[in-house]
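Numbering (the working numbering), first residue to last: 104 to 372.
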């Protein structure tokens, strides 16, 4: 089923379950666009990754998560996209080899079966080499767009059972601060995504994301919660494993006998 959205320029294709299966037998490399945890933890092999954006959407923490960042009794909140005529959502696209038979089944389980997302195909725009500070609207960015690509996109829709929807930002921030799942804390998901945006696209704005980050940090400080304790130690563990094993240094006196004896003399100054 293919439809032309009335409130934004991108042509979006909704991929049904049968089409999803045919996607797994692609004959050419294809792109997958991530705007949440895929930005910093894709979890699959890829040939290339490119920072860029999709138009006609805005990122919102309106999707519930009962596995990776929450539980059935206490669902966390993760990102999805909502249609927005003037919206720009930055993230990262990954090029997957045509012969790769593992990436799409992995994403189908991670995003669709566990997450409640549906597959779309949209236009992905790589980040221009030069992005003036004023180009924060879709009109400005459009003039800099080059090498537009088709990319698969996973979006949660209100019909899925995990959908939480809009809520006051302080309420969302409190929920994020309190939740944890099998992949770690909900706070880690938020902070790593905010760090990705600052590191990769410092000139871009995402008021929803950064407002939540500010509120979570403020509430954590008020409650005397150390945010470092809520972050995964995977990176630190890898760094420790890669360090060469330290060897004890044993003092050696094997050269001591070779040093000639010297007599000290007093010198009259």
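Idealized CB from N, CA, C, for every residue including glycine.
Every value quoted in this text rests on a predicted model; they were computed, and no experiment measured them.
TODO: Under the assumption that residue 188 contacts residue 159 (Cβ atoms under 8 Å), give the Cβ distance between them as a whole number of angstroms.
DONE: Their Cβ separation, rounded to whole angstroms, is 7 Å, which keeps residue 188 and residue 159 in contact under 8 Å.
Task: Assigned exposure category for residue 204 - 16 Cβ within 10 Å defines buried - done: That one is exposed.
Task: Closest by C-alpha distance to residue 251, when choosing among 264, 231, 259, 258 - done: Among 264, 231, 259, 258, the Cα nearest to that of residue 251 is on 231.
Task: Close-in-space but distant-in-sequence residues of the same chain around residue 281 (CB under 8 Å, 5 per side omitted) - done: These residues qualify, in order along the chain: 177, 289.
- [ ] Hey, could you find the ends of the beta strand (DSSP E) residue 164 is sitting in?
- [x] Annotation: the continuous beta strand (DSSP E) that includes residue 164 extends over 151–168.
Task: residue 327 versus residue 302: straight-line alpha-carbon distance, rounded - done: So the alpha carbons of these two residues sit roughly 27 Å apart.
Open item on the list: Between the alpha carbons of residue 168 and residue 294, how many angstroms are there, rounded?
Closed with: Those two C-alpha atoms are separated by around 16 Å.
Open item on the list: I need the straight-line Cα distance from residue 331 to residue 314, nearest angstrom please.
Closed with: One alpha carbon belongs to residue 331, the other to residue 314, and they sit about 19 Å apart.
- [ ] Could you please give the first and the last residue of the uninterrupted beta strand (DSSP E) stretch that includes residue 180?
- [x] Start and end: 179–199.
Open item on the list: Applying the 10 Å Cβ sphere with the 16-neighbour rule, what's the burial state of residue 151?
Closed with: The residue in question, residue 151, is exposed, as its Cβ has fewer than 16 Cβ neighbours within 10 Å.
Task: Heavy atom of the ligand SAH within 7 Å of residue 207 beta-carbon - done: Only the bare structure without any ligand can be found here, which leaves the ligand SAH out of the picture.
Open item on the list: I'd like the list of long-range same chain contacts for residue 192, defined as Cβ closer than 7 Å, with 5 residues on each side in sequence excluded.
Closed with: For residue 192, the CB contacts under 7 Å within the same chain, skipping 5 residues up- and downstream, are 138, 156, 157, 160, 161, 162, 184 in chain order.
Task: Where residue 208 falls: helix, strand or coil (DSSP) - done: Residue 208 falls in the helix class under three-state DSSP.
Task: Bridge-paired residues (DSSP) for residue 228 - done: Beta-bridge partners assigned by DSSP to residue 228: 156.
TODO: With a 10 Å radius around its C-beta and 16 neighbouring C-beta atoms as the bar for buried, classify residue 180 as buried or exposed.
DONE: Classification for residue 180: buried.
- [ ] Specify, as a first and last residue, the run of the beta strand (DSSP E) that residue 292 falls within.
- [x] Here residue 292 belongs to no beta strand (DSSP E); instead the alpha helix (DSSP H) covers 289–303.
Task: Distance, residue 335 Cα to residue 135 Cα - done: Spanning the two alpha carbons is a distance of roughly 25 Å.
Open item on the list: Alpha carbons only, please: which of 325, 201, 319 is nearest the one belonging to residue 272?
Closed with: Ranked by Cα distance from residue 272, the options 325, 201, 319 are led by 319.
Task: Extent of the continuous alpha helix (DSSP H) to which residue 275 belongs - done: Start and end: 272–281.
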